[in-house]
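Asker: Heads up, the sequence shown is in numbering that gives the first Met the number 0, so the first residue is 0 and it goes up one at a time. Glycine residues also receive a C-beta, built at the ideal position from the N, C-alpha and C atoms.
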Amino acid sequence: MKRVLIVCRGNSCRSIMAEAIINSYLSINGVEAFSCGSNIKERINPHTQQLLEERGVYNREVYYPKGCEEFKDVEFDLVVTVCDSAKEECSISSFKTKESIHMGFEDPDGKDYREFEKSFFDIRERLLPKVEEILQYK
């Protein structure tokens, strides 16, 4: 099993979407994703939850905000920061990882549902192939 950690600031929108996308599309290939935040929100954004529910992939026990400290001792094949704040606030060197990358995505927080859909599709179209590319050589 290959492990991917997605890091964002609030861990309520982009990182949870990315975690769900990777788990939905790549778990069949032995990839497991997790997400965390450097300054977590109290709960998942309602639009993020709705988006995942509509796609049949929402799991309350898995997709909720988690702090980076929960993953300090877990080994990952890849750590991905998806926002500039997390890139600056969360030192990738504090995670046990074979590789790390940064891929910034627009933050939909505070915007309407259509912006969340755009973020979801952007993450799926850009991040998913990159994760596949990196992990196939590990």
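Expressed to the nearest angstrom, what Euclidean distance is found between the alpha-carbon atoms of D121 and R13?
Answerer: If you number the sequence shown from 1, residue 121 lands on position 122. If you number the sequence shown from 1, residue 13 lands on position 14. The straight-line gap from Cα to Cα measures roughly 10 Å.
Asker: Please report the distance separating the alpha-carbon of E53 from that of V73.
Answerer: Looking up residue 53 in the sequence shown gives position 54. Looking up residue 73 in the sequence shown gives position 74. Their Cα atoms are separated by approximately 31 Å.
Asker: Buried or exposed for Y112, please, with buried defined as at least 16 other CB atoms from any protein chain shown within 10 angstroms of its CB.
Answerer: Start at 1 with the first residue of the sequence shown, and residue 112 comes out as number 113. Exposed.
Asker: How big is the Cα-Cα spacing for P45 and D108?
Answerer: For the purposes of this step, residue 45 is taken as residue 46 along the sequence shown, with counting starting at 1. For the purposes of this step, residue 108 is taken as residue 109 along the sequence shown, with counting starting at 1. Approximately 10 Å, taken between the alpha carbons.
Asker: Tell me, to the nearest whole angstrom, how far the beta carbon of Y24 is from that of I43; I am working on the premise that it is less than 8 Å.
Answerer: If you number the sequence shown from 1, residue 24 lands on position 25. If you number the sequence shown from 1, residue 43 lands on position 44. So it is not a contact: roughly 20 Å between Cβ atoms.
Asker: So what's S34 in DSSP terms, helix, strand or just coil?
Answerer: Residue mapping note: residue 34 aligns to position 35 of the sequence shown, counting from 1. S34: strand per DSSP, three-state reduction.
Asker: Under three-state DSSP, which class holds V130?
Answerer: Here residue 130 corresponds to residue number 131 of the sequence shown, with the count starting at 1. DSSP places V130 in helix when its eight states are reduced to three.
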